[in-house]
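In the numbering used here, the protein residues as written are 382 to 698. Glycine residues also receive a C-beta, built at the ideal position from the N, C-alpha and C atoms.
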Ligand SMILES: [Zn+2]
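The following block contains the structure:
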């Protein structure tokens, strides 16, 4: 029997945890489902990654209202993926902030990504009819680095390099050394790398590590609340990306086709990473992108709902 496509068979609800990291920083996590970061400044609240729909955003807002009544003024998009951005309108923010590279990806492939992601993982798009038509558009973009001041609290938004996507942005509280990494770092969850830059990702993780964060909110998985836990999260993500790339490169060097490389790479990685959530969902996309990068495509090809299905059929049947 062939495996159900992507995460269509994943129907089990996850338990939400709202973790306090400091007077200003909170993590909304859900056992490996996409996380949302919350920064409470002197005069306003910033939300980092929105959840997948405006209805799902209401649960984040409910938790925020348990700790502050300050207005939610800013939404930051760590990258362009639909599951991170389509809840934005639920917060009624004054501004939606993203890197220019993320803006460009929304222009180039936002529509295709939206259709593709909803098809892959319907459970993550609760009340998908509440998503307004069209796409989520940033109102402020930046290149490299910018600071926002929530009163006296400085929040830095930084592009440390490519990794999970071309536009990856982290949010950083320099005084408290708290980092919101987006999907550049996962914890006990499989990194999705279908739009990744495998050669760049480890170097970008070096730059994250150099910040020496005391706490880190990953894209998926529990908040990492000590420097030792942060190191474990960074090392795990790096090992997965490096192991996958090494396996694919070896297969390509031996002249093997994608199907053979896929089966070998899954067998090689499963003992170490197979218990991480969404392993079976991610591997076909991750290996396909890695094979592309190791052969002829410097940049990720656009995933469409149709290409998703064709790839799955080719690798899993
Ligand atoms: Zn993502």
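>> Under DSSP, the alpha helix (DSSP H) around residue 628 begins and ends at which residues?
In response: What you label residue 628 is simply residue 247 of the chain shown in a count that begins at 1. Per DSSP, residue 628 belongs to the alpha helix (DSSP H) from 608-634.
>> Given this structure, state the Cα-to-Cα distance separating residue 604 from residue 408, to the nearest angstrom.
In response: Walking along the chain shown from the start, residue 604 turns up at place 223. Walking along the chain shown from the start, residue 408 turns up at place 27. Taking the straight line joining both Cα atoms gives about 6 Å.
> Which runs of the beta strand (DSSP E) fall wholly inside the segment 438-521 and span at least 3 residues, in chain order?
Replying inline: 453-457 and 476-480
>> Taking its Cβ as the centre, do 16 or more other Cβ atoms sit within 10 Å of residue 667, making it buried, or is it exposed?
In response: Walking along the chain shown from the start, residue 667 turns up at place 286. With 16 or more other Cβ atoms inside 10 Å of its own Cβ, residue 667 counts as buried.
> Grouping DSSP H, G and I as helix and E and B as strand, with all else coil, what is residue 604?
Replying inline: The sequence position of residue 604 within the chain shown is 223, counting from 1. Here residue 604 carries a coil assignment [DSSP, helix/strand/coil].
> Going by the C-beta, is residue 643 closer than 7 Å to any heavy atom of ligand 1?
Replying inline: The residue labelled residue 643 in the question sits at position 262 within the chain shown. With a cutoff of 7 Å, residue 643 does not count as near ligand 1, since its C-beta is closer than that to no heavy atom of the ligand.
>> Can you check whether the C-beta of residue 572 is within less than 8 Å of a C-beta belonging to chain C?
In response: Absent here is chain C; the protein component of the structure consists of one chain.
>> Mapping the DSSP letters down to three states, classify residue 537 as helix, strand or coil.
In response: What you label residue 537 is simply residue 156 of the chain shown in a count that begins at 1. Correct three-state label for residue 537: strand.
> Thinking just about the alpha-carbon of each residue, which of 617, 503, 551 and 579 is nearest to the one in residue 588?
Replying inline: Numbered from its first residue, the chain shown carries residue 588 at position 207. The residue with the shortest Cα to Cα distance from residue 588 is 551.
> Is the segment 433-448 in contact with the segment 519-527, if contact means three or more CB pairs nearer than 8 Å?
Replying inline: no
> Quick one: what's residue 659 bridged to in DSSP?
Replying inline: Here residue 659 corresponds to residue number 278 of the chain shown, with the count starting at 1. Answer is none; residue 659 lacks a bridge partner.
> With 16 other CB atoms within 10 Å as the buried threshold, where does residue 547 fall?
Replying inline: Here residue 547 refers to the residue found at position 166 when the chain shown is read from its first residue. Residue 547 should be labelled buried.
> For the 8 Å Cβ check, are there 3 or more pairs between the segment 637-656 and the segment 579-595?
Replying inline: Touching, no.
> For residue 478 versus residue 570, is the C-beta distance shorter than 8 Å?
Replying inline: One-based indexing of the chain shown puts residue 478 at position 97. One-based indexing of the chain shown puts residue 570 at position 189. No, Cβ-Cβ distance for residue 478 and residue 570 is not below 8 Å.
>> Does the structure place the segment 441-450 close enough to the segment 474-493 that three or more beta carbon pairs sit under 8 Å?
In response: no
> Does the beta carbon of residue 699 fall short of 7 Å from some heavy atom of ligand 1?
Replying inline: With the chain covering 382 to 698 only, the question about residue 699 has no answer from this structure.
>> Using only the alpha-carbon positions, how far apart do residue 645 and residue 614 sit?
In response: Position 264 of the chain shown, counting from 1, holds the residue named residue 645. Position 233 of the chain shown, counting from 1, holds the residue named residue 614. Near 25 Å, if we compare the C-alpha coordinates of residue 614 and residue 645.
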